[in-house]
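Read through the structure below, which is laid out as structure tokens, and then see the notes.
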Amino acid sequence: GLAGFVRAGPESINNDSFQAFASDLGRSLTGVRSLQLAPDGVVTYLWPQATNSPAMGHDLLADPKRREAAMKAIEMKRLWVAGPLELIQGGTALIGRAPIFVSDQQSTGTGDSESFWGFATVLVDLPKLLEKSGFDDVASDANVAIRGRDGLGMHGEVFTGSEAVFSGPHLSADVALPAGSWNVGIATTAKPGLSDIPALKLVFAFALASLVSALLYLLLRLPFRFQRAVENAKEELDESNARFKDAIESLPDGFAVFDSEDKMVRCNEKYREFFDVRNKPVPLGVSFSQLVREGLESGIYRLQDDSDAARDAFLDQRLAHHRQPRQEGMEMELASGRWIRTIECKVPSGGTVISYTDISELKQKEFELARENQRAEQASAAKSAFLATVSHELRTPMNAILGLLNLVQISGRLGAQDQEYIDTTHESAEHLLNLLNELLDLSKMESGKLELELSEFNLANIVRKTLKLSEAKAHQKDLLLIDAVHSETLLMVKGDAGRLQQILLNLLSNGIKFTNEGSVTLTVTKDNRRTGTTWANFKVTDTGVGFTDAQAETLFAPFRQLDSTASRKHEGTGLGLAICKRLVEAMGGEIEAHGTPGQGATFEFSIPLEISLNAVSDITEQSAPEITPAALGHAPIRILIAEDSPANQIVFRAMLQDTGYVPDIVGNGLEAVEAAKSMDYELILMDIFMPEMDGLEATRKIRQSDSSGSLPIIALTANAMPGDQEKFMEAGMDDYLAKPVVKNTLLRMLNKWSNPALIS
């Protein structure tokens, strides 16, 4: 009983659980003085505690003699009997110690082999044992003794009766113990010299008959006591089985037990309910594989289809799972609509215990969550589609606005005041475009489609170029824009120069926006605190309004601003810092902000950069020259532009005037296909959304007739959503030019594909 208690859950044993189990076990058996458990040989749990506390902590393996017996018991996996012994707490007891072995799978989860756990000990009161066995009845009428202390039989010490019994004529019998034996002796002679007295012969014969009768009584009584012991054990086993049955019937889960031959030996009502066998004979003795087959034949399981192949696949999967030594559980749907999860445990006897848990409610929640996720994905797709539409509809007119404003700006025909008006208008239009770009960047980041480009660039030059772009805004507010770029950052590095410039522009613009007087400083250094990869540290410090620690916690959240009230002084969507944080983290860096109300703020970030093999220390800034008509100097090049917006047609025609490019402009994809068939063009600019036929379909048709694939086709579109560029390339386009387009950008793209020698 103690060994079974341990093997049922060695990791869950504690004093409370042991006392409850040992109390029930000990009180149900006559003569038990104490029950003990000794993990690794050290007495740790004992019952009853009050009368046996001196044994607590006793190491059974410490004494050399006891250790020898203990190691032999462990090696033989047999009961170890000691005594009878006089107990410290009083009385005489026989001690039995059984070595307990648990499977490694139970204790460590590493396999099916067994390892020694400790000893289970029972102390049996010797007087009670002799009384219960009927020994006292015989001993009162005859000279009887027992020898065989520690189970050594006739070679052991006498512990009950006189040693003289065994030194004279006697009858003896061996009493087999679970380990070893005792030898019982009964003296058979009277005093010497009386055998010649006739009167006493009768007495001797009577004594001898009485002695034989007593011996027969003892021998005949033993089977009766064995039978009664067997009956008692059977009753206790029946009670134990009844308790076990009650226990598994009370479980909320289905429960089935299979023996070492994989045949069912027990199941509970919940199992029968799950598998619809409540009104049928319990399938005891049926193999596990046969149970699964019968379940498939009777339609208990719900499969994806009712084909033989589906049933065979399910059977193979279920049996393969059943054979695994360790399992995570298998989920199955029943024809009743229920979902169950099976968890199987191999037991040391070679059998299997399987629990079946109803997870229908959990699966229902999973399905609901999946539907919610699907709805969220649909909403996200709808949002992306909406942003794509908004992007297209906004960028199309913005292309015309910025394009015409740019042409007027560079015309040189405006007076000072008109030039100021045009510059202000152009700046406002660019501000609108920046807001749109921020929304699109955030959409890309949320969809996980933001991709960083890897190119070589001069770190210090990119930083100074960014400062130059911010000079105009700083001068408008009479602020000092301080360049604190250290010479150690004059390096050629590999990274995404465009995104780095975007981060710096956002931080500088933010500092200028919230500073009314004083300065904004950009400091760039190598971060020498880190080892290994080269890190660059960027710090933007201003003397503006600053912020509190509580405000600093929300600065990098989307759509959050220091002043979000309707009367706020500073414009913006609250996306700039959120985008900066996500870009820095995408680069593998860190960003933080510190501020003091009324005394300014500092935004600092560090990113890892790979030093280019072409790095030099004396690189100087080289600004790419603006492409002008005079710089082109090539023969007229005929190109085709497919653009459905009349305003943008005017813009493109004006931009290409006197540039050496002669444009033919059509209003839809169908016209573009026909024009490409009738005229040899050096290059095609193809809008995407057009009537009659869109740009993607038009590109595919042109590619079908362009067997060499040498005609460059450039996507000219207001779409700038994640995945757009990939779609354009798949359709057969060579490059991507997003609206709005300024003249210089347009000419660079045309030169790239028609006259690469002009691109430095």
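Those letters in the sequence shown? Residues 1 to 760, per our numbering, in order.
Glycine included, C-beta positions come from ideal geometry on N, C-alpha and C.
Just so we're clear, the structure is a prediction, and the values are computed from it rather than from any experiment.
- Query: CA-CA distance, S34 and P283?
  - Reply: Using only the alpha carbons, I get a separation of about 42 Å.
- Task: Report yes if the C-beta distance between Y356 and A256 is below 9 Å; otherwise report no.
- Result: Yes, Cβ-Cβ distance for Y356 and A256 is below 9 Å.
- Figure out for me which residue from S53, T466, I607, E261 has the closest Cα to the Cα of V347. Ranking the options by Cα distance to V347, first place goes to E261.
- Task: Run the CB neighbour count on M445, radius 10 Å, all protein chains shown included, and call it buried at 16 or more, exposed below.
- Result: M445 should be labelled buried.
- Query: Who pairs with I343 in a beta bridge, going by DSSP?
  - Reply: Answer by DSSP bridge pairing, in chain order: S355.
- DSSP three-state call for V741: helix, strand or coil? Look at V741 here: in three-state DSSP terms it is coil, with no helix or strand label.
- Compute the distance between the beta-carbons of T352 and E344, then report whether it is under 9 Å. Yes.
- Kindly list the residues whose CB is nearer than 6 Å to the CB of L555, restricted to its own chain and excluding five residues on each side of it in sequence; keep chain order. Taken in chain order, the residues that qualify are L577, A593.
- Task: May I ask you to report which of helix, strand or coil DSSP gives Y421?
- Result: The DSSP-derived three-state label of Y421 is helix.
- Message: Quick check: what's the CA-CA separation for V124 versus A8?
- Response: Taking the CA atoms as reference points, V124 sits about 25 Å from A8.
- Item | Whole alpha helix (DSSP H) elements within the stretch 21–65, 4-residue minimum | Counting whole runs of 4 or more residues, the stretch 21–65 contains the alpha helix (DSSP H) stretches 49–52.
- Message: How far does the beta strand (DSSP E) with D125 in it extend, from its first residue to its last?
- Response: From DSSP, the beta strand (DSSP E) with D125 extends over 114–125.
- Query: What's the gap between the Cα of L452 and the Cα of R499?
  - Reply: Straight-line Cα distance between these residues: approximately 8 Å.
- Item | Counterpart residues of I95 in DSSP-defined beta bridges | BP columns for I95 point to A82, L123.
- Message: Is it buried or exposed, M733, if we count other Cβ atoms within 10 angstroms and call 16 or more buried?
- Response: Buried is the call here.
- Task: Return the bridge partner residues of L716 from the DSSP annotation.
- Result: Under the DSSP definition of a beta bridge, L716 partners with L737.
- Item | Residues that DSSP places opposite T523 in a beta bridge | Bridge partners of T523: A484, K539.
- Item | Selection from K132, A647, P646, F652 that minimises the alpha carbon distance to I639 | Ranking K132, A647, P646, F652 by Cα distance to I639 puts F652 first.
- Task: Please name the residue, chosen from V666, V175, M332, A145, that lies closest to T188 on a Cα-to-Cα basis.
- Result: Closest by C-alpha distance to T188, out of V666, V175, M332, A145, is A145.
- Item | Boundaries of the alpha helix (DSSP H) in which M655 is found, first to last residue | Boundaries of the alpha helix (DSSP H) harbouring M655: 646–655, taken from the DSSP string.
- Message: Quick check on T515: buried or exposed, where buried means 16 or more other Cβ atoms within 10 Å of its Cβ?
- Response: Residue environment: T515 is assigned as buried (16 or more neighbouring CB atoms within 10 Å of its CB, all protein chains considered).
- Query: Where DSSP assigns a beta bridge to Q638, which residues make up the other side?
  - Reply: Looking at the sequence shown, residue 638 is not Gln but Arg. Looking at the DSSP assignment, R638 forms a beta bridge with V662.
- Message: Suppose contacts are defined by Cβ-Cβ distances below 9 Å. Is D396 in contact with N668 by that definition?
- Response: Before going on, a small fix: residue 396 reads as Thr here, not Asp. Going by beta carbons, T396 and N668 fall outside the 9 Å limit.
- Message: Short of 6 Å in beta carbon distance, which residues of its chain neighbour I591, apart from the five on each side in sequence? Order them along the chain.
- Response: Spatial neighbours of I591 in its own chain (CB-CB distance under 6 Å, excluding positions within 5 residues in sequence) are listed in chain order as K581, V584, F605.
- Message: Quick check: R302 and L334, are their CB atoms within less than 9 Å of each other?
- Response: Their beta carbons are under 9 Å apart, which means R302 touches L334 by this criterion.
- Message: Which of the three DSSP states is assigned to A145 in this structure?
- Response: Three-state DSSP puts A145 in a strand.
- Message: Whether or not the stretch 400–416 and the stretch 377–389 are in contact is what I'm after, with contact meaning three or more pairs of Cβ atoms, one per stretch, closer than 8 Å; do they touch?
- Response: Put simply, the stretch 377–389 does not touch the stretch 400–416. Fewer than three CB pairs are less than 8 Å apart.
- Near D238, what residues of its chain come up, given a Cβ to Cβ distance below 8 Å and the 5 sequence neighbours on each side ignored? Around D238: no qualifying Cβ.
- Message: Pop quiz: L696 and I684 are said to be a contact at Cβ under 8 Å. What is the actual Cβ separation, rounded to whole angstroms?
- Response: L696 to I684, Cβ: 13 Å. No contact.
- Task: With R266 as the anchor, note down where its beta strand (DSSP E) starts and where it stops.
- Result: Counting along the chain, the beta strand (DSSP E) containing R266 begins and ends at 264–267.
- Item | Buried or exposed by the 16-neighbour rule on C-beta atoms within 10 Å, applied to K513 | Flag for K513 reads buried.
- Comparing the C-beta of R338 with each C-beta of chain E, is any distance below 9 Å? The structure shown contains no chain E; it is built from a single protein chain.
- Task: Classify A179 as helix, strand or coil using the three-state DSSP reduction.
- Result: The answer is coil: DSSP assigns A179 none of H, G, I, E or B.
- Please determine, among I607, E393, V666, the residue with the shortest C-alpha to C-alpha distance to L436. It is E393 whose Cα lies nearest to the Cα of L436.
- Could you name the residues of the same chain whose beta carbon sits closer than 7 Å to that of Q304, not counting the 5 residues immediately before and after it, in chain order? These residues qualify, in order along the chain: A310.
- Query: Alpha carbon to alpha carbon, what distance is there between S336 and I300?
  - Reply: Here the alpha carbon of I300 sits roughly 8 Å from the alpha carbon of S336.
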